[in-house]
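Residue numbers (the numbering used here): -15 to 622.
Just below is one structure, and these are the notes that go with it.
Written out as structure tokens, the structure is:
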């Protein structure tokens, strides 16, 4: 990719693929990801219009990171030797401190790297990352380490944002304020993107209305607000805070579909058949008024026969939405969409400290909203596919999820062979994958979560792309993100295009690459903070014995899922005993050379929680019964 950019100079993605004579496929996908990585690292510059070029090379004397630069890390050392162990993806080399820090051992600090010597990097502590509680400490450390924007380049308090919808707004929009739309969200939600409504149609089927906050009306393309929203790419959700894509005056204010208040919306009005087929849809701008702010728990209990204090029209709509869900779900199953219902686990906080981990209980309220949103997202993609500019189709920003690449299917294929099943050769269809995994689960005693983990590891990473490559997981040929413009820039782009904005393919290429990167960045932070807090919980049990399940077998040991703690730790191969263990990929196991003792995927073990590193997320385990000191692996002599 560097050579191509050096050869062509300033180029769009399509020009680069032409130069490299690339066709759609793994090679194109891998190079696209490489380009995104070069942009993220600063080695390649990209303009808003989607033109790429190599960043200017620093002088030879400035090779390596240019000092001074800042790094987040953990204070370590003793006596006169103090250093910082970096946290985060950008820098991983030890930094020796030029002076004893005014911070305790293990403290999280921001250090200014001032130079490099024969002994390594040198720096000084700039500030202590202080926070009120472990959740805040983890959040502050990881947000800083991953360089997540947390301040606005303007004063959000001085934004000229409307407090209410103008009285004459309905003159140029459909007036749907009497339609009993409602929002259904979690109990702690503060920004409401979407409202839903359904009614039976004469002759069968339903009318389904999905109203989405009209963020594009307030965030104009090219404005300072838009530039910052694009830079962030998405909102980021942590146990103790939200880093929003938009200032709160918008996200929790005029854009949020709060109850009993007039709001501007972009509406997807769909006709759904009794078989779950969306036979027609249209999009229009509207003024709406949410008739109720409901929670998943409230609606779930109502659908199970409980009481709900709402208007009769709202109750009727909720029952119709539940019927629609049943039809859409049946259609989804017919398509062969993957059904990975792994429970989401959340860390419970009390006064900023983690107290436990609990699963998010999903009910039919979650599922009916999910199916309605998927239907609207498909409708948005299909609507834009029919739109033309200058006689040519204008592609939307698709949500792309390609089939599992061959190089990521190995572990799943091996596990399937162990229970007498196999993946079809060539391109795998989602229905085929779902069926073979279903048969494997029925034939094996392994817990369902192991199979789901194997499937997840085999899948491609979803991304944004202005090309119709399909969504494998949902078994859909066309899919876009339309329903969450308050928290996702991709949806904001789709809204603008539905409204008729012209966006070039090069601009869509650049935006898609950027927001795919920001999504992965946010996921990395969310996972890192989650792991940190789970390690804090695990640290309280050091020295205790637990039962667990082998979740993965690798050449250097066993990763064990610890019952009750919802964390995985490593039993290093050196702690399996005095024998020499060899990794056997065909059986996904470690086998002892002399005794033949075997440790395999899904085995049940008793382990001792030996050591926890909260900052790095590392958990070390030993087999119960005491640490058995074994030799390292050695090659067989031939």
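Every residue gets a Cβ at the ideal spot worked out from N, C-alpha and C, and that includes glycine.
Item: Which whole-angstrom value is the C-beta distance of residue 361 and residue 465, which I expect to be below 8 Å?; Value: 6 Å
Item: Let me make sure I understand the geometry here. Which of 110, 104 and 344 has the alpha-carbon closest to that of residue 84?; Value: 110
Item: Taking residue 293 as the reference, which of 275, 305 and 308 has the closest Cα?; Value: 275
Item: Taking DSSP as the reference, what is the three-state secondary structure of residue 45?; Value: Note that residue 45 has pLDDT 45, beneath the 50 cutoff, so the model's placement of it is unreliable and the number below is only indicative. Helix.
Item: In the DSSP output, which residue or residues are listed as bridge partners for residue 405?; Value: Bridge partners of residue 405: none, in fact.
Item: Just to confirm, is the Cβ distance from residue 450 to residue 485 under 8 Å?; Value: no
Item: Can you give the Cα-Cα distance for residue 479 and residue 178, rounded to whole angstroms?; Value: 13 Å
Item: By Cβ distance, which residues of its chain are closer than 7 Å to residue 125, with the 5 residues on each side in sequence left out?; Value: 56, 71, 92 and 113
Item: Measure the Cβ-Cβ separation of residue 497 and residue 23 and say whether it is below 8 Å.; Value: yes
Item: Can you tell which of 173, 348, 163 and 201 has the C-alpha that lies nearest to the C-alpha of residue 183?; Value: 163
Item: Among 246, 386 and 475, which residue has its Cα nearest to the Cα of residue 150?; Value: 246
Item: Identify, in the order they occur along the chain, each residue of the same chain with its Cβ nearer than 7 Å to the Cβ of residue -12, setting aside the five sequence neighbours on each side.; Value: 0, 3 and 4
Item: Roughly how many whole angstroms lie between the Cα atoms of residue 54 and residue 129?; Value: 9 Å
Item: Considering only DSSP beta bridges, list what residue 583 is partnered with.; Value: 574
Item: Going by C-alpha to C-alpha distance, which of 214, 232, 218 and 197 sits closest to residue 249?; Value: 197
Item: With residue 36 as the anchor, note down where its alpha helix (DSSP H) starts and where it stops.; Value: It is not in any alpha helix (DSSP H) - residue 36 instead sits in the beta strand (DSSP E) that spans 36 to 38.
Item: What is the C-beta distance between residue 435 and residue 420, in whole angstroms, given that I count them as a contact (C-beta under 8 Å)?; Value: About 10 Å; that fails the 8 Å criterion.
Item: Closer than 6 Å by C-beta to residue 211: which residues in its own chain qualify, once you throw out the five before and the five after it? Chain order, please.; Value: none
Item: So what's residue 252 in DSSP terms, helix, strand or just coil?; Value: strand
Item: With three or more beta-carbon pairs closer than 8 Å as the criterion, would you say the region 572 to 584 touches the region 394 to 404?; Value: yes
Item: With DSSP collapsed to three states, give me the class of residue 326.; Value: coil
Item: Any idea if residue 475 is buried or exposed, counting beta-carbon neighbours within 10 angstroms, 16 or more meaning buried?; Value: buried
Item: Can you name, in chain order, every residue of its own chain whose Cβ lies under 6 Å from the Cβ of residue 277, other than the five neighbours on each side?; Value: 167 and 243
Item: Return the chain-ordered list of same chain residues with a C-beta closer than 8 Å to the C-beta of residue 87, the five sequence neighbours on each side being excluded.; Value: 59, 93, 109 and 112
Item: Can you check DSSP and say which residues form a bridge with residue 665?; Value: In the structure as shown, the chain begins at -15 and stops at 622. Residue 665 is therefore absent and cannot be evaluated.
Item: So, for residue 185: in the same chain, excluding its five sequence neighbours on each side, which residues have a beta-carbon less than 8 Å away from its beta-carbon?; Value: 191 and 255
Item: Work out the CA separation of residue 537 and residue 132 for me, nearest whole Å.; Value: 34 Å
Item: Please name the residue, chosen from 456, 66 and 448, that lies closest to residue 477 on a Cα-to-Cα basis.; Value: 448
Item: Within the continuous alpha helix (DSSP H) that includes residue 263, where are the two ends?; Value: Premise fails: residue 263 lies in the beta strand (DSSP E), 262 to 273, not in any alpha helix (DSSP H).
Item: Provide the residue(s) that pair with residue 96 in DSSP beta bridges, ordered along the chain.; Value: 54 and 108
Item: Counting along the chain, where does the beta strand (DSSP E) carrying residue 553 start and finish?; Value: 551 to 556
Item: Go ahead and pull the three-state DSSP assignment for residue 414.; Value: helix
Item: Look at the alpha carbon of residue 568 and the alpha carbon of residue 604, and state the distance between them as a whole number of angstroms.; Value: 23 Å
Item: Roughly how many whole angstroms lie between the Cα atoms of residue 675 and residue 438?; Value: What is shown of the chain runs -15 to 622, which leaves residue 675 out entirely.
Item: Between the region 252 to 272 and the region 133 to 145, can you find at least three pairs of beta-carbon atoms closer than 8 Å?; Value: no
Item: Check whether the region 315 to 332 touches the region 258 to 274, counting contact only when three or more Cβ pairs, one atom from each stretch, lie closer than 8 Å.; Value: yes
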